[in-house]
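J.: Here you go, one structure.
Protein chains: 2
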Amino acid sequence: MTPMKEDYIKIIFELGGTERKISNKEIAIGLDVAAGSVTEMVAKMVEEKLVIHEPYAGITLTELGHQLAIELVRKHRLWETFLVDDLKYEVADVHSEAEVLEHQTSDKLAAALYTFLGKPEFCPHGGVIPDEDGNYPESSNAVLADVVDGQTVEIARIIDNHDLLIYLHDLGVMAHTKIEVLKHEPFEGPIIVKRLVDGDQINISFKAAHNIFVQ
Amino acid sequence: MTPMKEDYIKIIFELGGTERKISNKEIAIGLDVAAGSVTEMVAKMVEEKLVIHEPYAGITLTELGHQLAIELVRKHRLWETFLVDDLKYEVADVHSEAEVLEHQTSDKLAAALYTFLGKPEFCPHGGVIPDEDGNYPESSNAVLADVVDGQTVEIARIIDNHDLLIYLHDLGVMAHTKIEVLKHEPFEGPIIVKRLVDGDQINISFKAAHNIFVQ
DNA sequence: TATTTAAGTTAGGACTACCTAAAAATAATT
DNA sequence: AATTATTTTTAGGTAGTCCTAACTTAAATA
């Protein structure tokens, strides 16, 4: 297991890879790597029984992959909690730190941190912290990029990425924001949405819209 | 900068690379890599102005390399302090965790940790924690392996390595232990020493003796 | 159905850091 | 001084992960 494989597992999980097939392209966009790199890495992960790959159809996590994903989410969110609660970080600044720390966190360290933090249930942006046995309810699959024009949706969750969160924060897009999708510009152009609360129109990049989950 | 380059800088620093020339072999032993790998890595680090290399003579840190080394020591010892003080780790168990965390610690994170810990001066095994400006007194250069037979010395410091510390702990060798060096076995064999406090004879492996500093 | 576009896969190359084995340089011993 | 031993460097390879470009498959459109 390497940090990169962990990142692949995490993004597949975050995109809903336990219930639906995730496309090569979604992963490539999420990790900002070339499509060819994804095919190659996925092939290795198939060998290791972390994912199931149906060529041209999509990728899903195995039970093993699923477990690892939940452990990573747990470690990530424990660090975020520590950074905000104890080190007095701003919520918007914790993602990148947690992103790298999670890969270097032994199970022992995670357990010690969990106890130290007082067995917290939620991370600073409201995500559920999976418990020690890997129980984890959270779910929300539809990606903003896939919402058809004219529909009204509520933003449920945004993938934990520092630059993305800063970008979306500047645009005024966050969890619980209600929006109407107006138009998808071609050639991977922005998705134009209207914020219901004030009627403002916002352009959300194609890439960002793949990392925003809606209800 | 990569974690491996950081490890090279750290070991050169710990072996005294600001005051004397460190040999290729000392680094190879300290990091447990092949001599050829050291030559190669050092060549890259020369390019980056991290070290100065006189072929066949030895390697020293540049001022830049020295600064980076001190930052790494600082981050390492801050993590050790956190692990012992707050997460209730045993002192012998903190090394490997700190070893990996230090490479993923931004300056911002180090500063926040320093404040959170109450600006500590010493790490759990008594090492000085360099301050925010990189001031760091500590020094001790002579390696046990280089002590000539018949001499009596005191153990000053042991390089932070989990397996090494466990090994030496089992042998009853730690900081402040006074010993007489009796014999160096050939072919990189053990160094035989006598503990002055009880007269016990101990075999310390060639490799371990390169990671023990004496006064 | 034919054509075009998009997505996925394959192939060939780059980079980092490691290794072993052989050759060169230096140091130690006879 | 000659020989032997040790250390360092050089040369050629491996593994992991990335890339671009070309090719294949599938889906969408005309």
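Note that the protein sequences, when read in sequence, are chains A and B. For the first sequence, full-length UniProt numbering assigns the number 1 to the initial residue and increments by one for each residue that follows. For the second sequence, full-length UniProt numbering assigns the number 1 to the initial residue and increments by one for each residue that follows. Glycine residues also receive a C-beta, built at the ideal position from the N, C-alpha and C atoms.
1. Is there contact between the region 98-112 of chain A and the region 92-111 of chain B, where contact requires at least three CB pairs shorter than 8 Å?
2. Is the Cβ of histidine 103 of chain A closer than 9 Å to any Cβ of chain B?
3. Residues in the same chain with beta-carbon distance under 7 Å from leucine 78 of chain A, minus the five sequence neighbours each way, listed in chain order, please.
4. Could you tell me the alpha carbon to alpha carbon distance between valine 84 of chain B and histidine 76 of chain B, rounded to whole angstroms?
5. For alanine 175 of chain B, which three-state DSSP category applies?
6. Does the Cβ-Cβ distance between threonine 62 of chain A and isoleucine 70 of chain A come in under 9 Å?
7. What's the C-alpha gap between glutamate 102 of chain A and aspartate 7 of chain A?
8. Classify methionine 174 of chain A: buried if its beta carbon has 16 or more other beta carbons within 10 angstroms, exposed otherwise.
9. Measuring alpha carbon to alpha carbon, tell me which of B/Leu64, B/Asp198 and B/Ala28 ends up nearest methionine 1 of chain B.
10. Report all residues from its chain with a CB closer than 7 Å to the CB of cysteine 123 of chain B; omit the five preceding and five following residues, and keep chain order.
11. If distances are taken between C-alpha atoms only, which option among B/Ile155, B/Gln67 and B/Asp170 comes closest to glutamate 132 of chain B?
12. Taking just the CA atoms, how far does leucine 15 of chain A sit from lysine 5 of chain A?
13. So is aspartate 86 of chain B in contact with chain A if we call contact Cβ pairs under 9 Å?
14. Can you check which of these residues, A/His184, A/Asn211, A/Phe13 and A/Gly172, is closest to valine 73 of chain A by C-alpha distance?
15. If you follow the beta strand (DSSP E) that histidine 76 of chain A is in, where does it begin and where does it stop?
16. Which of the three DSSP states is assigned to glutamate 188 of chain B in this structure?
17. Below 9 Å between beta carbons is the criterion; list the residues of the region 195-206 of chain A that meet it against any residue of chain B, in chain order.
18. Exposed or buried, which one is threonine 152 of chain A when buried takes at least 16 other CB atoms within 10 Å?
19. Please look up how many angstroms separate the CB atoms of glutamate 54 of chain B and lysine 21 of chain B, rounded, as I've assumed it's under 8 Å.
20. Let me make sure I understand the geometry here. Which of A/Ser37, A/Ile27, A/Thr177 and A/Ile179 has the alpha-carbon closest to that of glycine 59 of chain A?
21. Can you list, in chain order, the residues of its chain with a C-beta nearer than 8 Å to that of tyrosine 31 of chain B? Leave out the 5 residues immediately preceding and following it.
22. Which partner residues does valine 143 of chain B have in the DSSP bridge list?
23. So, using beta-carbon positions, are isoleucine 166 of chain A and valine 214 of chain A closer together than 9 Å?
24. Less than 9 Å separating the beta-carbons of alanine 209 of chain B and alanine 145 of chain B?
T.: If we stick to the structure as given:
1. yes
2. Chain B has a Cβ within less than 9 Å of the Cβ of histidine 103 of chain A.
3. Counting only Cβ-Cβ distances below 7 Å, and skipping sequence neighbours, we find Ala110, Leu113, Tyr114, Leu117 and Ile129.
4. 13 Å
5. coil
6. no
7. 10 Å
8. exposed
9. B/Leu64
10. Arg77, Glu80, Thr81 and Ile129
11. B/Gln67
12. 15 Å
13. The beta-carbon of aspartate 86 of chain B is placed less than 9 Å from the nearest beta-carbon of chain A.
14. A check of alpha carbon separations from valine 73 of chain A across A/His184, A/Asn211, A/Phe13 and A/Gly172 identifies A/Phe13 as the nearest.
15. It is not in any beta strand (DSSP E) - histidine 76 of chain A instead sits in the alpha helix (DSSP H) that spans 63-85.
16. coil
17. none
18. exposed
19. 7 Å
20. This sequence places isoleucine at residue 59 of chain A; glycine is not what is there. Nearest C-alpha to isoleucine 59 of chain A: A/Ile27.
21. The sequence shown places leucine at residue 31 of chain B, not tyrosine. So the list reads Asp7, Tyr8, Ile11 and Val38, once near-sequence residues are dropped.
22. Beta-bridge partners assigned by DSSP to valine 143 of chain B: B/Phe213.
23. no
24. yes
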